[in-house]
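Below is one structure, written out as structure tokens; comments come after it.
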Amino acid sequence: MRKFLAAALFVVASQVTGQAHAQGSTITISIPAMPSGYAIVESAGLSDILATNVIVEGLTRWKRDTLQVEPALATSWTANSDATVWTFHLRDGVKWQDGKPFTADDVKFTLDLVVNKNVRAAAASQLAGLQSVEVLGPHEVRLQFEHPFAGLPQMLAYRIPILPKHALEGEDPNQPSGYIQKPIGTGAFMFSQATSGQSWNVVRNPNWWGGKVGLDGIVFRVVPDLNSVVAQLKTGDIDVALIQPHQIDAVRGDTINISSVDQPNVYYLSLLNNKVPFDQVAVRRALNYAVDKADIMKAVVGGYASLATGIIAPSVEGYSPDVTTYKYDPEKAKSMLEAAGWQRVDGKFSKDGKPMHVELTTSTGVIGGPQLAQIIQQEFNDIGVETTINMVDFRELWVGLFAGRLQASVEYLSLQPSPDVTNALACGGSQNRFAYCDKKVDALLAEASATVDPAQRRAKYLEVQKLVADDAPGIFLYYPKEIRAINARVTNFPKNPVRMATTHLFDVTVKK
Amino acid sequence: MGRYFARRLVQSVVLFWIVTLVTFVIIRQAPGGPAILANPNLTKDQIVNLRGGVGLNDPLYRQYVRWVGHLMAGDLGVSFNEGVPVVELIAERLPNTLVLASAAFVIAVTAGMTLGILGAVKRNTWVDGLVSSVGVLNLSVPVFWLGIVLILIFAVELRWLPVGGMLQASQWSWLDLARHLVLPAIVAAGFLMANVMRFTRSSLLETLGQLYVTAARAMGLRERRVLLKYALRNAMLPVVTTIGLGTPQLFGGAAITETVFAWPGIGSLGINAARTGDFPVIMGITLFVSALVIVANLITDLSYVLLDPRVRLQ
Chain A
1 MRKFLAAALF VVASQVTGQA HAQGSTITIS IPAMPSGYAI VESAGLSDIL
51 ATNVIVEGLT RWKRDTLQVE PALATSWTAN SDATVWTFHL RDGVKWQDGK
101 PFTADDVKFT LDLVVNKNVR AAAASQLAGL QSVEVLGPHE VRLQFEHPFA
151 GLPQMLAYRI PILPKHALEG EDPNQPSGYI QKPIGTGAFM FSQATSGQSW
201 NVVRNPNWWG GKVGLDGIVF RVVPDLNSVV AQLKTGDIDV ALIQPHQIDA
251 VRGDTINISS VDQPNVYYLS LLNNKVPFDQ VAVRRALNYA VDKADIMKAV
301 VGGYASLATG IIAPSVEGYS PDVTTYKYDP EKAKSMLEAA GWQRVDGKFS
351 KDGKPMHVEL TTSTGVIGGP QLAQIIQQEF NDIGVETTIN MVDFRELWVG
401 LFAGRLQASV EYLSLQPSPD VTNALACGGS QNRFAYCDKK VDALLAEASA
451 TVDPAQRRAK YLEVQKLVAD DAPGIFLYYP KEIRAINARV TNFPKNPVRM
501 ATTHLFDVTV KK
Chain B
1 MGRYFARRLV QSVVLFWIVT LVTFVIIRQA PGGPAILANP NLTKDQIVNL
51 RGGVGLNDPL YRQYVRWVGH LMAGDLGVSF NEGVPVVELI AERLPNTLVL
101 ASAAFVIAVT AGMTLGILGA VKRNTWVDGL VSSVGVLNLS VPVFWLGIVL
151 ILIFAVELRW LPVGGMLQAS QWSWLDLARH LVLPAIVAAG FLMANVMRFT
201 RSSLLETLGQ LYVTAARAMG LRERRVLLKY ALRNAMLPVV TTIGLGTPQL
251 FGGAAITETV FAWPGIGSLG INAARTGDFP VIMGITLFVS ALVIVANLIT
301 DLSYVLLDPR VRLQ
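Following this line, the structure appears as structure tokens:
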């Protein structure tokens, strides 16, 4: 028995030490949850975006390493003078991964699905106002919008992939159980196998229209726990993962490269602009002066971010730094509040006998949210604004924001890389968490959207950013960088934020 | 016996029904709702339509009645997140949890009883002290911490064992499975093992002080025989209760172990469902685990009869 055990142990040990972590030119990317594989609904959120990006394609896509668009399934496009009617010419000779030809019917089918009110399409708000999709020929479609939409090519590059009509027709558009058994697209990789709770695998598409694909395949490995992600990066079980600033020191090593890229996300404190006390622009400006953004950024993300000036991030074309910024000045904050009619009684601000009270809602689902809330609470209390914190589940946070229930929330927006922030800032916009409403800004946003000329359009967005900064609908904190840990054997990984980078994995290779 | 069993069965069914009702009400009243509807990209119209689509616009009692109706037909609904029938999801994940739970069970019972006996026999020696400390440690150290520490030592530093998952991608072998199983099984076993050990030790100590044990020794029986044949069997009653009641916890408690080790079982499925408000999956797993607890209780009660002839069922 002893001999047997010793022998068994030896076998195990030799297996372990001789183990090759990843075979051939297949790379492993970690994702937090099991993808559904259905790119229209994306019920698994980021996990679905990353995984489905490699098998499906949109009409346009991001240029490698940039946030500019280039042709993908569409080879060219034109718009009428006010950008309400768009014609797309589709790539010829593209085949679905089951061999059937890709045509304009697929485009119409998919875009109709995205704007269908009974479908949980993740990108529904991106195509708001799409009235009709008309098939002009096998490789030509016309999109008609009820309002001008100059930013359409950018919007189409993100989260609006074209799916095969023949594979989805007749299925439940929210849960196409037949399609998700074997999802297909036109992309550089083909779905091969999914193991519930473990992995979602793809292999190279030998017939891809774009030419030779560098990798044999990709394994999307489900690792829900962030500490386990770090451990698996170190052992080489995972090649690519997103990590948080506090994990950098634990991950750093000879075999792992840490890099960071800009992404169009912004962290901020939203203020409900239609409720006391934030209906007074002076109060919103004063509170902006009360927050030491540089200090907060250093404390929470360790410098892996840049200071925010508004909703649009610097990596987005059309960003303007030339706006009012509110440099930390608590004394100025106090005097502004006094000038706005608030009295200081025993060091606390009140008006008509009612104290100013701020309730900061946040969630652990907002990375760094609880710390941000604590620091801001301290800073508000320091100037005499009574502040409490309300910690909720992330779902309650989003629902509350959506319903306009939350007076002040520490949260973030993950935006399309486009300066068109109509959804986020226009009166009644679907992502407007500030209840911000300004007629001038609305008019400018509408004009910009109707302007096809890039330079003129840009000028209008610069003006929007100026006006919004002056109005201070919230307190914009920072633009976080995305921190990626990538095994040194992986070469040519795109420098786009990863949720866009996975559309470009066809030219990634592995060092032999 | 037959009547007792029938009565217990009826009680179990009622209990089971109460559990489903309470769970149903709690998860639907909890703030936030399903994550699929907490998507800031959806418009207000869409949310109303979609709530209706998954039947959330009806009054709560109607939803519950409909759910029970489907349950009677063996239909647990479709997962909001994965779009797959819940029955399929559980069927796919359950074998993985069974593998982990069985391994943990074997470790917990054998190691727990061995250490417990050791502690009782070598009472108040350093062996006993060591055994007791191991027990206290296992009861007081949080599972996620123990899991991470073991991963750091055995997977990251020594590289003896894999960090997580159940199998290397696309290659199946028993050896591979066993290697992936070692750490999570030890972690999952911890709590039950400590309990089994403590109850074995204290119960055995009590039994060893009984007159019939002294009588057996006086008859000149060998100590080994006295211990295993006379004392241990009588000491087993509380241990069996611990095992019986603790076994379902291997499934329930597996949730954290499975998350730390990326083990694709129903525990990690349940955690993700709870996080994202995937109602049908939460209900399905609750149903399953509560059925397990109820059945385990029933089996525990019935096994008393086999162990102790004095226990008579009325």
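Going down the list, the protein sequences come from chains A and B.
Residue 153 in the numbering used here sits at position 153 of the first sequence, with consecutive numbering throughout.
Residue 62 in the numbering used here sits at position 62 of the second sequence, with consecutive numbering throughout.
All residues carry an ideal CB built from backbone N, CA and C; glycine is no exception.
Does DSSP classify A/TRP200 as helix, strand or coil?
A/TRP200: strand per DSSP, three-state reduction.
How about the segment 146-156 of chain A and the segment 127-137 of chain A: do they share at least three Cβ pairs that are nearer than 8 Å?
The segment 146-156 of chain A, when compared against the segment 127-137 of chain A, does touch it at the 8 Å Cβ threshold.
Helix, strand or coil for A/TYR267, going by three-state DSSP, please let me know.
Strand at A/TYR267.
Just the C-alpha distance for B/ILE256 and B/GLY267, rounded to the nearest angstrom, thanks.
Cα to Cα, the separation comes out at about 7 Å.
Taking DSSP as the reference, what is the three-state secondary structure of A/MET34?
A/MET34 falls in the coil class under three-state DSSP.
Beta-carbon within less than 6 Å of A/ALA488's beta-carbon, same chain only, minus the 5 sequence neighbours each way: which residues are those?
Hits under 6 Å: THR255 and ASN257.
If contacts are defined as beta-carbon pairs under 8 Å, then B/ILE148 and B/VAL260 qualify, I think. What distance do you get, rounded to the angstrom?
With 8 Å as the limit, B/ILE148 and B/VAL260 qualify as a contact, their Cβ atoms being about 7 Å apart.
Under the rule that 16 or more other beta-carbon atoms within 10 Å means buried, what is B/LEU175, buried or exposed?
With fewer than 16 other Cβ atoms within 10 Å, it is exposed.
Applying a beta-carbon distance threshold of less than 9 Å, which residues of chain A neighbour B/ALA35?
Per Cβ cutoff of 9 Å: SER43, GLY45, PHE394, ARG395 and TRP398.
Counting only runs that start and end within the segment 122-154 of chain A, where is the beta strand (DSSP E) found for 3 or more residues in a row?
Taking only runs of at least 3 residues, the beta strand (DSSP E) segments lying wholly in the segment 122-154 of chain A are 130-137 and 140-145.
Output needed for A/ARG64: all residues of its chain with C-beta closer than 6 Å, excluding positions within five of it in sequence on either side, in chain order.
So the list reads PRO494 and HIS504, once near-sequence residues are dropped.
Under 8 Å: do the segment 116-123 of chain A and the segment 40-60 of chain A share three or more Cβ pairs, one atom per stretch?
Cβ pair count under 8 Å is three or more, so yes.
In this structure, does DSSP put A/PRO101 in helix, strand or coil?
Reduced to three states, the DSSP call for A/PRO101 is strand.
Anything in chain B within Cβ reach of A/VAL223, meaning under 7 Å, just list it in chain order.
Per Cβ cutoff of 7 Å: GLY164 and ALA262.
How about A/ASP112: is its C-beta nearer than 9 Å to some C-beta of chain B?
False, the Cβ-Cβ gap to chain B never drops below 9 Å.
When the Cα atoms are used, what is the spatial distance from A/HIS357 to A/VAL385?
Distance between the alpha carbons of A/HIS357 and A/VAL385 is about 6 Å.
Using a cut-off of 7 Å between C-beta atoms, extract the partners of B/PHE316 located in chain A.
In the structure displayed, chain B extends from 1 to 314; residue 316 of chain B sits before or after that span and is not available.
Based on the DSSP output, what are the partners of A/VAL410 in its beta bridges?
Paired residues: A/LEU269.
So B/THR114 is in the beta strand (DSSP E); what residue range does that whole segment cover?
Note, B/THR114: premise wrong, no beta strand (DSSP E); alpha helix (DSSP H) at 86-121.
Can you give me the Cβ contacts of A/HIS21 inside the same chain, cut-off strictly under 8 Å, excluding the 5 residues immediately before and after it?
For A/HIS21, the predicted model reports a pLDDT of 42, less than 50, meaning its position is unreliable; a value from the coordinates is still stated below. Within the same chain, A/HIS21 has close Cβ partners THR235, GLY236 and ASP237.
Below 8 Å, can you find three or more Cβ-Cβ pairs linking the segment 73-90 of chain A to the segment 212-219 of chain A?
The segment 73-90 of chain A is not in contact with the segment 212-219 of chain A.
Just list the residues that DSSP pairs A/ASP262 with in beta bridges.
Per DSSP, A/LYS481.
Taking 9 Å as the CB-CB limit, is B/LEU76 close to chain A?
With 9 Å as the cut-off, B/LEU76 does not count as an interface residue toward chain A.
By the DSSP assignment, the beta strand (DSSP E) with A/MET356 in it spans what residues?
Where A/MET356 is concerned, there is no enclosing beta strand (DSSP E), given that its DSSP letter is neither H nor E.
How far does the alpha helix (DSSP H) with A/ASN423 in it extend, from its first residue to its last?
422-425 is the span of the alpha helix (DSSP H), which, as asked, contains A/ASN423.
For A/ILE389 and A/MET34, what's the separation of their Cα atoms in angstroms?
Distance between the alpha carbons of A/ILE389 and A/MET34: 33 Å.
Assuming B/VAL78 contacts B/VAL86 (C-beta within less than 8 Å), just tell me the rounded distance between them.
With a Cβ gap of about 7 Å, B/VAL78 and B/VAL86 count as contacting.
Answer with yes or no whether the minimum CB distance from A/THR235 to chain B is below 9 Å.
By this cut-off, A/THR235 is an interface position.
What residues in its chain sit with their C-beta under 6 Å from that of A/LEU136, if we drop five residues either side in the sequence?
Excluding sequence neighbours, A/LEU136 sits near ARG142.
Can you pull the chain A residues whose beta carbon is under 9 Å from the beta carbon of B/ILE27, in chain order?
Neighbours of B/ILE27 on chain A: none; closest Cβ ~12 Å, over 9 Å.
Quick one: Cα of B/PRO264 to Cα of B/LEU100, how far?
Rounded to whole angstroms, B/PRO264 to B/LEU100 spans 10 Å at the Cα level.
At 9 Å on the CB atoms, spell out the chain B contacts of A/MET34, in chain order.
Residues of chain B passing the Cβ test: ASN81, GLU82, PRO264, LEU269 and ASN272.
To the nearest whole angstrom, what separates the beta carbons of A/SER434 and A/GLY474, a pair I think is in contact under 8 Å?
As written in the sequence, residue 434 of chain A is Phe, which differs from the Ser given in the question. Confirmed, Cβ separation roughly 6 Å.
At the level of alpha carbons, what is the spacing between B/MET236 and B/SER203?
Between B/MET236 and B/SER203, the C-alpha separation is close to 7 Å.
Please tell me whether A/ILE40 has its Cβ less than 9 Å away from any Cβ of chain B.
Judged by the 9 Å Cβ criterion, A/ILE40 is not in contact with chain B.
Please report how far the alpha carbon of A/GLU411 lies from the alpha carbon of A/ASN288, in whole angstroms.
For A/GLU411 and A/ASN288, the distance between alpha carbons rounds to 16 Å.
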